[in-house]
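Working notes, structure below.
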Amino acid sequence: MAKPIRFTPKNSDSGWRINIPAKISETGKRQQLFFRTQKLALAAADDLKKKVEIFGVQTRAIAPTLAEQATAAAALLKPYGIGLLEAARLIAAMRERETASRTLSEAAAVWLASCEGLRPRTIVNYKITADRLEKALGDRLLATITAEELQAVIAPIGRAGAAVMAEIRNAKAFWRYSARKGWCQVETFGGIESPKASRDGQEIAILTPAECEILLRTAETHFPQAVPLFALQLFAGIRVEEITRMEAGHVTADGIDLPASVTKKGRRRHITPSKTLAAWLEKYPFAPCSNWRETSAACRRIAGWDVVSVILKERLRVKTMEPLAEPTLGRWPQNALRHSHASYAVASGVPLESLLFEFGHAGSPTLLRQHYVGRASKKQALEFFTIAPEGVEIPTMEAVA
1 MAKPIRFTPK
11 NSDSGWRINI
21 PAKISETGKR
31 QQLFFRTQKL
41 ALAAADDLKK
51 KVEIFGVQTR
61 AIAPTLAEQA
71 TAAAALLKPY
81 GIGLLEAARL
91 IAAMRERETA
101 SRTLSEAAAV
111 WLASCEGLRP
121 RTIVNYKITA
131 DRLEKALGDR
141 LLATITAEEL
151 QAVIAPIGRA
161 GAAVMAEIRN
171 AKAFWRYSAR
181 KGWCQVETFG
191 GIESPKASRD
201 GQEIAILTPA
211 ECEILLRTAE
221 THFPQAVPLF
231 ALQLFAGIRV
241 EEITRMEAGH
251 VTADGIDLPA
261 SVTKKGRRRH
271 ITPSKTLAAW
281 LEKYPFAPCS
291 NWRETSAACR
301 RIAGWDVVSV
311 ILKERLRVKT
321 MEPLAEPTLG
331 RWPQNALRHS
341 HASYAVASGV
351 PLESLLFEFG
361 HAGSPTLLRQ
371 HYVGRASKKQ
381 ALEFFTIAPE
391 GVEIPTMEAV
401 A
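Numbering (our numbering), first residue to last: 1 to 401.
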């Protein structure tokens, strides 16, 4: 059993002496303290004994600089009602979480691998969100990422609509998975604010005639199989989900027949092509595209929009194409092609009642009037409907006929 430390003062030529063993000395070496009187030496000895009783044999005399730091730290913590020991425990816990954490890129890879078996469309959406987060925060430990940083990536001020809400849901699924793994705190995501619905946020977005032409020219150059599908959306307003269900026989010289099995509302409708659409379909006959969503994303990314394309990522990975320039046209607007068609059709003089049927809506044209009337000028409509395939010219009068 260890011999107890007594701190008994001894009278010496230099005064009353107390021996401090190395194991509790500030320096780690044996020390001697001297006092002018026996009374002062006994008081110091009692103080040392109490410290040893409270803190054990690892007690060290506190250095003046450490005492100053402790005093300053206590003053900083006082307004928050936190003591030094509690603060130290909080810091230790934070460091422990950081040690157990993973970088966002590593965590995203594990999460996506765990999603195998989900619907292909769900996985694609998860990848889009993961890519966006990796681009901004890929090398950061999850435990160090704040709610404000996540907000700035997935739902920055000014963005709204269904696309943003979907991205928040995807990011939340990733964050909760990572929290279950112990890589981050689930509470962090609670600081994410969903965009507030506003009048401006409900405004539709359309492409300019120049942007429509850029998209079609890009498709002609890089993905000719995509041209008729883009043309049907731009010049007939057919929905994306309807395009993916269409067959070659649905587009004939007599027009476009969409059976109930194709349309979103389950009601058959017929569309008579404009001169512009007819010109595109004559040069690029319609045929289903088995990988339409990815082909569409690749074409839009090359054209300059900020979208994620798995096809292009793979080509860049195997170095079969040159790196792309940074996107210059911003985020792709939701339902941009359908909204563009309706806006330019109304501006060119197409009655709302005709558009109502072609769009597959039922009831009053009030919603169409609210969204599309006044969105584009007559001049823009003429520019839009004279966009033709390379080597083809559409006279202005025929474009609006």
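Note that beta-carbon positions come from the ideal geometry of N, C-alpha and C, so glycine has one too.
Can you tell me whether G81 is buried or exposed? The criterion is at least 16 other CB atoms within 10 Å of its CB, across all chains shown. As a working mapping, residue 81 is identified with position 81 in the sequence shown. Exposed, since its Cβ has fewer than 16 Cβ neighbours within 10 Å.
In three-state terms, what does DSSP make of N19? For the purposes of this step, residue 19 is identified with residue 19 of the sequence shown, where counting begins at 1. Strand.
With 16 other Cβ atoms within 10 Å as the buried cut-off, status of V251: Within the sequence shown, the letter at position 251 stands for residue 251. Buried.
Can you tell me where the alpha helix (DSSP H) holding F384 begins and where it ends? As a position in the sequence shown, residue 384 is number 384, starting the count at 1. Under the DSSP assignment, F384 falls in the alpha helix (DSSP H) whose first and last residues are K378 to F385.
Taking C115 as the reference, give the member of I271, T328 and Y126 with the closest Cα. Within the sequence shown, the letter at position 115 stands for residue 115. Here the closest residue by C-alpha is Y126.
For H270, is the classification buried or exposed, using 16 other Cβ atoms within 10 angstroms of its Cβ as the cut-off for buried? Residue mapping note: residue 270 aligns to position 270 of the sequence shown, counting from 1. Per the 10 Å Cβ criterion, exposed.
Tell me where the beta strand (DSSP E) around F34 begins and ends. Here the question's residue 34 lines up with position 34 in the sequence shown. Element bounds for F34: Q31 to F35.
Restricting to Cα atoms, I'd like to know which of I145, T328, R331 and R375 is closest to Y344. Start at 1 with the first residue of the sequence shown, and residue 344 comes out as number 344. Nearest of I145, T328, R331 and R375 to Y344, Cα basis: R375.
Kindly identify the DSSP beta-bridge partner or partners of K10. Translated into the one-based positions of the sequence shown, residue 10 becomes position 10. K10 pairs with R17.
I believe R140 touches L104 by the beta-carbon criterion, under 8 Å. Please report the beta-carbon distance rounded to the nearest angstrom. Position 140 of the sequence shown holds residue 140. Position 104 of the sequence shown holds residue 104. With 8 Å as the limit, R140 and L104 qualify as a contact, their Cβ atoms being about 6 Å apart.
Other residues of its chain near S14: CB distance less than 8 Å, five sequence neighbours each side excluded: Within the sequence shown, the letter at position 14 stands for residue 14. Taken in chain order, the residues that qualify are F34.
Which same chain residues end up closer than 8 Å to A279 when comparing Cβ atoms and leaving out the 5 residues on each side of it in sequence? Counting from 1 along the sequence shown, the entry for residue 279 is found at position 279. Hits under 8 Å: A388, P389, V392 and I394.
Residues near T295 in its chain [Cβ-Cβ closer than 8 Å; skip 5 each side]: Looking up residue 295 in the sequence shown gives position 295. Only F223, Q225, A226, C289 and I311 meet the Cβ criterion.
Between A407 and L133, is the Cβ-Cβ spacing less than 8 Å? The structure shown does not extend to residue 407, since the chain is modelled only from 1 to 401, so the question has no answer here.
Please name the residue, chosen from E193, R217 and T263, that lies closest to R239 on a Cα-to-Cα basis. Here the question's residue 239 lines up with position 239 in the sequence shown. Here the closest residue by C-alpha is T263.
Apply the 10 Å Cβ neighbour rule to P9 and answer buried if 16 or more other Cβ atoms are within range, or exposed otherwise. Residue numbering aside, residue 9 sits at position 9 when the sequence shown is read from its first letter. Buried, because 16 or more other Cβ atoms sit within 10 Å of the Cβ of P9.
In whole angstroms, what separates the C-alpha of P228 from that of A210? Against the sequence shown, residue 228 aligns to sequence position 228. Against the sequence shown, residue 210 aligns to sequence position 210. Each residue's Cα considered, the two are about 18 Å apart.
Can A130 and I192 be called in contact, C-beta distance under 8 Å? Residue numbering aside, residue 130 sits at position 130 when the sequence shown is read from its first letter. Residue numbering aside, residue 192 sits at position 192 when the sequence shown is read from its first letter. No; because the gap between Cβ atoms is not below 8 Å, this pair is not in contact.
Pull the bridge partners of T103 from the DSSP assignment, please. Within the sequence shown, residue 103 is the residue found at index 103, counting from 1. Its beta-bridge partners are L141.
Between the alpha carbons of A44 and R17, how many angstroms are there, rounded? As a working note, residue 44 is residue 44 in the sequence shown. As a working note, residue 17 is residue 17 in the sequence shown. Taking the straight line from one Cα to the other gives about 10 Å.
Taking Cβ to Cβ, would you say R102 is nearer than 8 Å to L142? Locating residue 102 in the sequence shown gives position 102, where the first residue counts as 1. Locating residue 142 in the sequence shown gives position 142, where the first residue counts as 1. Taking 8 Å as the Cβ cut-off, R102 and L142 qualify as a contacting pair.
Determine, using beta carbons only, whether P342 and G255 come nearer to each other than 8 Å. Locating residue 342 in the sequence shown gives position 342, where the first residue counts as 1. Locating residue 255 in the sequence shown gives position 255, where the first residue counts as 1. According to the sequence shown, residue 342 is Ala rather than Pro. Not closer than 8 Å, so no.
When you compare only the Cα positions, how much space is there between L232 and L118? For this step, residue 232 is matched to residue 232 along the sequence shown. For this step, residue 118 is matched to residue 118 along the sequence shown. So the alpha carbons of these two residues sit roughly 30 Å apart.
L382: which of H371, V350 and L368 sits nearest, CA to CA? As a first step, residue 382 must be located in the sequence shown, where it is residue number 382. Checked all of H371, V350 and L368; the closest Cα to L382 is V350.
Short of 6 Å in beta carbon distance, which residues of its chain neighbour A218, apart from the five on each side in sequence? Order them along the chain. Translated into the one-based positions of the sequence shown, residue 218 becomes position 218. For clarity, residue 218 is Thr in the given sequence; the question names Ala instead. C299, I302 and A303.
What would DSSP say about I157, mapped onto helix, strand or coil? Here residue 157 corresponds to residue number 157 of the sequence shown, with the count starting at 1. It is coil, neither helix nor strand.
Using 8 Å as the threshold, is the C-beta distance between A336 and A205 below it? Start at 1 with the first residue of the sequence shown, and residue 336 comes out as number 336. Start at 1 with the first residue of the sequence shown, and residue 205 comes out as number 205. The Cβ atoms of A336 and A205 sit closer than 8 Å to each other.
Counting C-beta neighbours from all protein chains within 10 Å, is the total for P156 16 or more, i.e. buried, or is it exposed? Start at 1 with the first residue of the sequence shown, and residue 156 comes out as number 156. Counting Cβ neighbours within 10 Å, P156 comes out exposed, since fewer than 16 surround it.
So, is L281 buried or exposed, given that buried needs 16 or more other C-beta atoms within 10 angstroms? As a working note, residue 281 is residue 281 in the sequence shown. Label assigned to L281: buried.
Which first and last residues belong to the alpha helix (DSSP H) in which I271 is found? In the sequence shown, counting from the first residue as 1, residue 271 sits at position 271. Segment R269 to I271 is the beta strand (DSSP E) holding I271; no alpha helix (DSSP H) there.
Classify L324 as helix, strand or coil using the three-state DSSP reduction. Numbered from its first residue, the sequence shown carries residue 324 at position 324. Of the three classes helix, strand and coil, the one that applies to L324 here is coil, per DSSP.
So, are the CB atoms of A287 and A248 less than 8 Å apart? By 1-based counting over the sequence shown, the position of residue 287 is 287. By 1-based counting over the sequence shown, the position of residue 248 is 248. Taking C-beta atoms as the reference points, A287 and A248 count as a pair closer than 8 Å.
Taking the alpha carbon of V307 as the reference point, which residue from V124, G190 and A41 has its own alpha carbon closest? On the sequence shown, residue 307 is found 307 positions in, with the first residue counted as 1. Looking at the Cα atoms, V124 is the closest of the given residues.
How big is the Cα-Cα spacing for Q151 and T144? Counted from its first residue, the sequence shown places residue 151 at position 151. Counted from its first residue, the sequence shown places residue 144 at position 144. Approximately 14 Å, taken between the alpha carbons.
Tell me which residue opens and which closes the alpha helix (DSSP H) that L118 is part of. In the sequence shown, the residue the question calls residue 118 occupies position 118. Element bounds for L118: n/a, residue is neither H nor E.
Could you check where the alpha helix (DSSP H) with L258 kicks off and where it finishes? Here the question's residue 258 lines up with position 258 in the sequence shown. From DSSP, L258 is part of no alpha helix (DSSP H) but of the beta strand (DSSP E) over G255 to L258.
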